[in-house]
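Trainee: First the structure, which I've put down as structure tokens, then a few questions once you've had a look.
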Amino acid sequence: MFGAADTAIETAREQLLALSHSIHAEPELAFEEFRSVAKTIEPLRERGFRIESGVAELPTAFTAEYGHGDLVVGICAEYDALPEIGHACGHNIIAASAVGAALGLAAVADACDITVKVFGTPAEESGGGKVLMLDRGVFDGVAMAMMIHPGPEDIAGAHSLALADLSVTYLGRESHASAAPQYGRNALDAVTIAQVALGLLRQHLLPGQQLHGIVGSGGVAPNIVPGHAELLYYLRAVDSAALDDLMQRASACFEAGALATGCTHDIRKLAPTYTELTPDSALLCAYREQIRDLGREPIAPELEAARPLGSTDMGNVTNVIPGIHPVIGIDAGGAVTHQPAFAAAAINASADRAVIDGATALARTAIQLAGDKFHRDRLSERVMQRQFLRQEDIR
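Residue numbers for the sequence shown follow my numbering, so the first one is 11 and each next one is one higher.
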């Protein structure tokens, strides 16, 4: 089975690399990835995949399905970019490798008795497209969900952190900063106090807890006491329980700014909360075997936890569906994700190799588990359990 899938991917090599480079050349932000979606869908449509656009009421989300087997293999594609620095997270590689894996699996879909389903998932960087699609039933019936993500090194069992994406707004009172400052209530001062409190809190955080942010707005002119200011913050932790703890402690710091300055404040989540990755052990073992067979050597499993890759909405998927989210290495000259130099590296020769290797390893992983009766039955049982629980929730 591997041979037929490998051949299909190799046959599509030039088209896959062109897709990666084209998405990279026209970066689009969260929920605005219209050109990237059209580019990603095109090779799937050409191969006879059944396309459904605008799923989950998201204009840049889609599904592409091939085959009629009773085991549904899900491949997730991402294609959103970062503000100003474009594809510095390499989502062009993710989209192209997802298409490649799907084309490889389509070549063996009948023989493996599987249905191949590509999920076009917008807004991973900010917005949680996968969480919205998961909550709205788009992933129902999927037995396994997979994707690869580029990085500076190969990590099979990648770890991620749970994430809360927050906006904290402060409302004070404008006044003339020189002639009548006593009548003002300075919202930017509230931001400053909150930032100092958060900085002092860092000494007492649990291992794996993180907080970082920027000032989104802080006034309009030096001679006007700022009546409005905003903090944009990410809170992260190793799991959801630790994130809840951090949220309580950080909220007290945000409140301190308001209390000290006489302002009011409001904390709002800008996106669904991301949960930590929980890779399926069997999928992980199969992927590690297949990526090694392609000449890559992921870091040792005992070192994986020390290299969290940030946060991803794929964590929410893997907490519900057996899945994996490995990192595939590219040569970025020492740069890491979210640096301009990594964006430049995302279309070099090593990035092109990552597209093909990633597609091949994902396709082979799915084939390996689909052909193993024990794991096929296990995955099918998990689908039935989820369907039962969803029916119970409806009742």
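Even glycine gets a Cβ: it sits at the ideal position worked out from N, Cα and C. No experiment lies behind these values; they were computed from the predicted model shown.
#1: At 3 residues or longer, and completely inside the region 16–84: list those beta strand (DSSP E) runs for me, N to C.
#2: In its own chain, which residues sit with a C-beta less than 7 Å from the C-beta of Cys-263, not counting the 5 before and 5 after it?
#3: Return the chain-ordered list of same chain residues with a C-beta closer than 6 Å to the C-beta of Ala-18, the five sequence neighbours on each side being excluded.
#4: Starting from Thr-271, trace the alpha helix (DSSP H) in both directions and tell me its first and last residue.
#5: Per DSSP, which one or two residues make a beta bridge with Ala-87?
#6: Just to confirm the assignment, what range does the alpha helix (DSSP H) spanning Ser-227 have?
#7: Using DSSP's beta-bridge definition, name the partner residues of Ser-6.
#8: Could you pull out every residue in the same chain whose Cβ sits closer than 7 Å to the Cβ of Pro-132, ignoring the five residues on either side in sequence?
#9: Rounded to whole angstroms, how far is the Cβ of Ala-106 from the Cβ of Ser-30, which I believe are closer than 8 Å?
#10: What is the rounded straight-line gap between the Cα of Val-109 and the Cα of Gly-223?
#11: Which whole-angstrom value describes the C-beta separation of Asp-175 and Leu-280, a residue pair presumed to lie in contact below a C-beta threshold of 8 Å?
#12: Measuring alpha carbon to alpha carbon, tell me which residue in Leu-399, Ile-377, Phe-384 is nearest Val-82.
#13: Going by C-alpha to C-alpha distance, which of Ser-291, Gly-84, Met-143 sits closest to His-385?
#14: May I ask you to list the residues that DSSP assigns as paired with Ala-172?
#15: Relative to the C-alpha of Gln-192, which residue among Pro-236, Val-178, Ile-103 is closest?
#16: By the 10 Å Cβ neighbour count, where 16 or more other Cβ atoms means buried, how is Val-337 classified, buried or exposed?
#17: With H, G and I counted as helix, E and B as strand and the rest as coil, what does DSSP make of Ile-340?
Mentor: So, to answer that:
#1: 60–63, 72–76
#2: Ala-204, Ala-207, Leu-208, Leu-211
#3: Leu-113, Gly-114, Ala-117
#4: 250–271
#5: Gly-130
#6: Per DSSP, Ser-227 belongs to no alpha helix (DSSP H); it is in the beta strand (DSSP E), 220–227.
#7: Outside the modelled stretch of the chain, which goes from 11 to 405, sits residue 6, for which no answer is possible.
#8: Ala-40, Phe-41, Glu-43, Leu-68, Thr-70, Ala-71, Asp-90, Gly-139
#9: 4 Å
#10: 34 Å
#11: 5 Å
#12: Ile-377
#13: Ser-291
#14: Ala-247
#15: Pro-236
#16: buried
#17: coil
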